[in-house]
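Here the structure is laid out as structure tokens; the discussion comes afterwards.
Protein chains: 2
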Amino acid sequence: MAEKGTVLYRAARAARTRQEILGLAADLASAEGLEGLTIGRLAAELGMSKTGIFAHFGSKEELQLATVNRAKEVFLEQVVKPALTEPRGLKRLQAMLTSWLDYVERSVFRGGCFFAAASLEFDSRPGRVRDHVAALTKAWMDALRNEIAHAKAQKEIAPGTIPAQLAFELHAYVQEGNWAYKLYGDRSAFSRARRAITDRLRSASREQ
Amino acid sequence: MAEKGTVLYRAARAARTRQEILGLAADLASAEGLEGLTIGRLAAELGMSKTGIFAHFGSKEELQLATVNRAKEVFLEQVVKPALTEPRGLKRLQAMLTSWLDYVERSVFRGGCFFAAASLEFDSRPGRVRDHVAALTKAWMDALRNEIAHAKAQKEIAPGTIPAQLAFELHAYVQEGNWAYKLYGDRSAFSRARRAITDRLRSASREQ
DNA sequence: TTGACAATAGAACGGTCGTTCTATATAGTA
DNA sequence: TACTATATAGAACGACCGTTCTATTGTCAA
Chain A
0 MAEKGTVLYR
10 AARAARTRQE
20 ILGLAADLAS
30 AEGLEGLTIG
40 RLAAELGMSK
50 TGIFAHFGSK
60 EELQLATVNR
70 AKEVFLEQVV
80 KPALTEPRGL
90 KRLQAMLTSW
100 LDYVERSVFR
110 GGCFFAAASL
120 EFDSRPGRVR
130 DHVAALTKAW
140 MDALRNEIAH
150 AKAQKEIAPG
160 TIPAQLAFEL
170 HAYVQEGNWA
180 YKLYGDRSAF
190 SRARRAITDR
200 LRSASREQ
Chain B
0 MAEKGTVLYR
10 AARAARTRQE
20 ILGLAADLAS
30 AEGLEGLTIG
40 RLAAELGMSK
50 TGIFAHFGSK
60 EELQLATVNR
70 AKEVFLEQVV
80 KPALTEPRGL
90 KRLQAMLTSW
100 LDYVERSVFR
110 GGCFFAAASL
120 EFDSRPGRVR
130 DHVAALTKAW
140 MDALRNEIAH
150 AKAQKEIAPG
160 TIPAQLAFEL
170 HAYVQEGNWA
180 YKLYGDRSAF
190 SRARRAITDR
200 LRSASREQ
């Protein structure tokens with residue numbers, strides 16, 4: 000820990016301000032979009048000047064990229080990390096889906112799943128932000144598929160299972176749950192998603 | 000048909016201009032969002048003045064609502080209408096899902112499924128646009144559920160099927176297909192979605 | 001031909017955007 | 001105490017936003 004009144008202390012202070020900015024930025028962006036996120040709005044809500052915000056990033060695009068990274072860290076902490084306590088294979092796959100749905104239902108971000116919002120917003124906007132968001136969501140999709148492959152290798156699910164296909168379907172249920180809840184405000188979307196996951200995993204275990 | 004040089008003719012001319020505006024507006028909004036849609040941009044792309052566009056709607060919100068309605072008409076024409084030729088029940092349900100996926104794959108709108116983009120963009124923005132989009136997507140969801148109920152009544156699918164649950168899952172596959180295609184540009188997303196639908200309907204027929 | 005009206009254009013407004021330039025307050029080093 | 005560096009503020013810029021006001025154009029009815 001840096002002591003008060005040193006260069007390191009000041010740098011730590013700046014880093015803390017930066018974290019404070021990004022915490023709000025990720026929350027706002029999940030609800031109003033990464034493009035709808037404005038420096039003036041951030042400044043007003045934080046009681047700072049626009050310049051005070053801007054100086055930490057240097058451009059709007061860098062702010063957006065930093066915001067995406069912040070959301071990534073939250074996702075790792077809230078969704079990925081808890082699932083890592085489970086043994087690899089079916090158990091961990093179930094834990095990944097459970098903690099993911101919990102994180103959406105808990106409204107960790109104001110606008111639901113940050114990456115659902117960001118990926119759909121940027122899917123038609125070429126640039127670094129889009130590439131970064133696409134790479135991160137792909138990494139998560141790959142993690143699901145990889146875990147399915149493990150479960151298959153451990154014979155926890157049927158040998159005929161195609162990991163990418165099953166990952167597609169499971170991913171779809173969670174995204175649909177997030178979508179339906181945000182649009183209709185109906186929490187039963189989560190039980191539908193959970194039931195779809197349970198049923199699908201059961202059929203993947205049974206099918207010859 | 001109104002004759003040239005009459006009041007009706009002029010009204011028809013204005014209506015045609017309006018349709019031209021909305022055609023572009025729906026296309027742009029599907030890719031860049033209903034909020035990202037700007038009057039200046041429309042004017043530039045159509046070679047008109049901002050006022051010339053604006054006068055047709057009176058406010059940005061009315062333009063957005065009219066754009067949503069335009070997208071609704073396209074959806075009715077391209078997705079709903081073709082499916083109505085099939086007999087009610089399982090056949091029609093399959094036709095609805097097929098024509099829906101085809102419409103996404105055909106890129107009828109630049110940004111993929113208009114309502115997928117619009118509903119996710121507005122899910123956290125209260126107002127008339129959000130309400131309208133939510134009502135329209137709900138109507139489509141209800142139509143799917145209703146068709147499933149018909150299929151169940153006709154004993155085409157298992158009596159234990161819960162229509163709302165099955166509708167949730169089928170809807171999820173198409174949305175996921177749209178999402179994966181737009182984000183990764185990978186057409187295999189559509190075959191995954193088709194396969195998921197086929198398998199799910201088969202299991203709904205089989206299950207005791 | 002004249003006067004009314006509908007469709008569109010042009011110029012301008014206040015507001016906000018991202019961004020830049022120039023302070024200033026604070027706390028370091030010398 | 002003087003000088004330096006950092007974090008933040010304030011004012012301003014040009015661009016674009018939605019919107020309004022005031023023409024202009026073309027076609028109608030009289």
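Residue numbers (numbering that gives the first Met the number 0), protein chains in the order written: chain A, 0 to 207; chain B, 0 to 207.
Backbone N, C-alpha and C define an ideal beta-carbon position, used for all residues, glycine too.
- Presumed contact (8 Å Cβ cut-off) between L143 (chain A) and H170 (chain A), rounded CB distance: Taking the first sequence and counting its residues from 1, one reaches residue 143 (chain A) at position 144. Taking the first sequence and counting its residues from 1, one reaches residue 170 (chain A) at position 171. Taking 8 Å as the upper bound for CB-CB distance, L143 (chain A) and H170 (chain A) are in contact here, some 6 Å apart.
- Could you tell me the boundaries of the alpha helix (DSSP H) in which M140 (chain A) lies? Within the first sequence, residue 140 (chain A) is the residue found at index 141, counting from 1. Counting along the chain, the alpha helix (DSSP H) containing M140 (chain A) begins and ends at R127 to A152.
- Message: Using only the alpha-carbon positions, how far apart do V103 (chain A) and C112 (chain A) sit?
- Response: Indexing the first sequence from 1 puts residue 103 (chain A) at position 104. Indexing the first sequence from 1 puts residue 112 (chain A) at position 113. Straight through space, the alpha carbons of C112 (chain A) and V103 (chain A) are spaced by roughly 6 Å.
- Item | Bounding residues of the alpha helix (DSSP H) (the contiguous stretch that carries Q164 (chain B)) | Within the second sequence, residue 164 (chain B) is the residue found at index 165, counting from 1. Counted as a single uninterrupted DSSP element, the alpha helix (DSSP H) harbouring Q164 (chain B) occupies residues P162 to Y183.
- Query: Anyone know if the C-beta pair for Y172 (chain A) and A195 (chain A) falls short of 8 Å?
  - Reply: Taking the first residue of the first sequence as position 1, residue 172 (chain A) is located at position 173. Taking the first residue of the first sequence as position 1, residue 195 (chain A) is located at position 196. With contacts defined as CB atoms closer than 8 Å, Y172 (chain A) and A195 (chain A) qualify as a contacting pair.
- Query: Just to confirm, are Q174 (chain A) and Q174 (chain B) a CB contact at a threshold of 8 Å?
  - Reply: For the purposes of this step, residue 174 (chain A) is taken as the residue at position 175 of the first sequence. For the purposes of this step, residue 174 (chain B) is taken as the residue at position 175 of the second sequence. The criterion of a C-beta distance shorter than 8 Å is satisfied by Q174 (chain A) and Q174 (chain B).
- Task: Excluding the 5 residues preceding and the 5 following R91 (chain B) in the sequence, name in chain order all residues of the same chain whose CB lies nearer than 7 Å to its CB.
- Result: For the purposes of this step, residue 91 (chain B) is taken as the residue at position 92 of the second sequence. So the list reads A82, E85 and E146, once near-sequence residues are dropped.
- Taking Cβ positions only, does D122 (chain A) come closer than 8 Å to chain B? Reading the first sequence from its first residue, position 123 is the one you call residue 122 (chain A). Yes, contact with chain B.
- Could you list the residues in the region 94-124 of chain A with a C-beta less than 9 Å from some C-beta on chain B, going in chain order? Result list: R109, G110, G111, A115, A116, S118, L119, E120, F121, D122, S123 and R124.
- Quick one: Cα of A94 (chain B) to Cα of P158 (chain B), how far? Position 95 of the second sequence, counted from the start, is the residue given in the question as residue 94 (chain B). Position 159 of the second sequence, counted from the start, is the residue given in the question as residue 158 (chain B). If I take the Cα positions, the gap works out to 21 Å.
- DSSP state of F108 (chain A), grouped into three classes? As a first step, residue 108 (chain A) is located in the first sequence; it is residue number 109 there, counting from the start. Coil at F108 (chain A), not helix or strand.
- Message: Just to confirm my understanding: we take A188 (chain B), look at its own chain, exclude 5 residues before and 5 after, and list those with CB closer than 6 Å. What are they?
- Response: Position 189 of the second sequence holds residue 188 (chain B). Cβ neighbours of A188 (chain B) beyond the five flanking positions: G176, A179 and Y180.
- Message: Using the three-state DSSP reduction, which class does M47 (chain A) fall into: helix, strand or coil?
- Response: Translated into positions along the first sequence, residue 47 (chain A) becomes position 48. The answer is coil: DSSP assigns M47 (chain A) none of H, G, I, E or B.
- For A115 (chain A), the three-state DSSP class (helix, strand or coil): As a position in the first sequence, residue 115 (chain A) is number 116, starting the count at 1. The three-state reading of DSSP puts A115 (chain A) in helix, counting H, G and I together.
- Query: Which whole-angstrom value is the C-beta distance of A133 (chain A) and L182 (chain B), which I expect to be below 8 Å?
  - Reply: By 1-based counting over the first sequence, the position of residue 133 (chain A) is 134. By 1-based counting over the second sequence, the position of residue 182 (chain B) is 183. Between A133 (chain A) and L182 (chain B) a beta carbon distance of about 5 Å is seen, short of the 8 Å cut, so the two are scored as contacting.
- Query: Considering only C-alpha positions, which residue in the set A:E76, A:R124, A:Q63 and A:I52 is nearest to A13 (chain A)?
  - Reply: Position 14 of the first sequence, counting from 1, holds the residue named residue 13 (chain A). Taking only the C-alpha atoms, the option nearest A13 (chain A) is A:I52.
- Task: In the DSSP assignment, find the alpha helix (DSSP H) that holds F189 (chain B) and state where it starts and stops.
- Result: Counting from 1 along the second sequence, the entry for residue 189 (chain B) is found at position 190. Here the alpha helix (DSSP H) through F189 (chain B) covers S187 to R205.
- Where are the beta strand (DSSP E) runs, 3 residues long or more, that stay fully inside the region 55-112 of chain A, in chain order? Correct list: empty.
- Query: So, is D122 (chain A) buried or exposed, given that buried needs 16 or more other C-beta atoms within 10 angstroms?
  - Reply: The residue you call residue 122 (chain A) lines up with position 123 of the first sequence. With 16 or more Cβ atoms within 10 Å of its Cβ, D122 (chain A) is classed as buried.
- Quick one: Cα of A24 (chain B) to Cα of V107 (chain B), how far? Walking along the second sequence from the start, residue 24 (chain B) turns up at place 25. Walking along the second sequence from the start, residue 107 (chain B) turns up at place 108. Straight-line measurement puts the Cα of V107 (chain B) at about 13 Å from the Cα of A24 (chain B).
- Check whether G35 (chain B) and E34 (chain A) have beta carbons under 8 Å apart: Counting from 1 along the second sequence, the entry for residue 35 (chain B) is found at position 36. Counting from 1 along the first sequence, the entry for residue 34 (chain A) is found at position 35. In contact: G35 (chain B) and E34 (chain A) (Cβ atoms closer than 8 Å).
- Query: If Q77 (chain A) sits next to V128 (chain A), beta carbons under 8 Å apart, how far is it from one beta carbon to the other, in whole angstroms?
  - Reply: Looking up residue 77 (chain A) in the first sequence gives position 78. Looking up residue 128 (chain A) in the first sequence gives position 129. Wrong, their Cβ atoms sit about 22 Å apart, outside the cutoff.
- Using a cut-off of 8 Å between C-beta atoms, extract the partners of T136 (chain A) located in chain B. Here residue 136 (chain A) corresponds to residue number 137 of the first sequence, with the count starting at 1. Contact note: T136 (chain A) reaches chain B through L182, using a C-beta cutoff of 8 Å and chain order.
- Item | Contacts that S48 (chain B) makes with chain A (C-beta to C-beta distance below 7 Å) | Position 49 of the second sequence, counting from 1, holds the residue named residue 48 (chain B). Against S48 (chain B), chain A offers no close residue; the least beta-carbon distance is about 26 Å (beta-carbon pairs closer than 7 Å).
- Could you check the C-alpha separation between Q18 (chain A) and L27 (chain A) for me, to the nearest Å? Here residue 18 (chain A) refers to the residue found at position 19 when the first sequence is read from its first residue. Here residue 27 (chain A) refers to the residue found at position 28 when the first sequence is read from its first residue. Distance between Q18 (chain A) and L27 (chain A), taken at the CA atoms: about 14 Å.
- Message: Beta carbons nearer than 8 Å to chain B: which residues of the region 143-175 of chain A have them?
- Response: Closer than 8 Å at the C-beta level to chain B, one finds these residues of the region 143-175 of chain A: A163, Q164, F167, E168, H170, A171, Y172, Q174 and E175.
- Item | Rounded C-alpha distance that separates V73 (chain B) from I161 (chain B) | As a working mapping, residue 73 (chain B) is identified with position 74 in the second sequence. As a working mapping, residue 161 (chain B) is identified with position 162 in the second sequence. If you take the alpha carbons of V73 (chain B) and I161 (chain B), they lie about 30 Å apart.
- Task: Consult DSSP for E19 (chain B) and reduce its assignment to one of helix, strand or coil.
- Result: The residue labelled residue 19 (chain B) in the question sits at position 20 within the second sequence. Taken through DSSP and simplified to helix, strand or coil, E19 (chain B) comes out as helix.
- Task: Classify K151 (chain A) as buried or exposed, calling it buried when 16 or more other Cβ atoms lie within 10 Å of its own Cβ.
- Result: Along the first sequence, read from residue 1 onward, the residue named residue 151 (chain A) stands at position 152. Counting Cβ neighbours within 10 Å, K151 (chain A) comes out buried, since at least 16 surround it.
- Can you tell me the Cα-Cα spacing of E2 (chain A) and A148 (chain A), whole angstroms? The residue you call residue 2 (chain A) lines up with position 3 of the first sequence. The residue you call residue 148 (chain A) lines up with position 149 of the first sequence. Low per-residue confidence applies at E2 (chain A): pLDDT is 49, beneath 50, and the placement is therefore not dependable enough to give any value.
- Query: Shorter than 8 Å from the beta carbon of E60 (chain B) to some beta carbon of chain A?
  - Reply: Taking the first residue of the second sequence as 1, we reach residue 60 (chain B) at position 61. With 8 Å as the cut-off, E60 (chain B) does not count as an interface residue toward chain A.
- Query: From the beta carbon of A28 (chain B), is the nearest beta carbon of chain A less than 8 Å away?
  - Reply: If you number the second sequence from 1, residue 28 (chain B) lands on position 29. It does not: the Cβ of A28 (chain B) has no partner Cβ on chain A nearer than 8 Å.
- Does DSSP classify G39 (chain B) as helix, strand or coil? Looking up residue 39 (chain B) in the second sequence gives position 40. Three-state DSSP puts G39 (chain B) in a helix.
- Exposure label - S118 (chain B); buried when at least 16 CB within 10 Å: Taking the second sequence and counting its residues from 1, the one referred to as residue 118 (chain B) is at position 119. Buried, by the Cβ-count rule.
- Query: Given that G35 (chain B) touches chain A, what residues does it touch there, using C-beta distances under 8 Å?
  - Reply: To locate residue 35 (chain B), count along the second sequence from 1; it is residue 36. By Cβ distance, chain A contributes E34.
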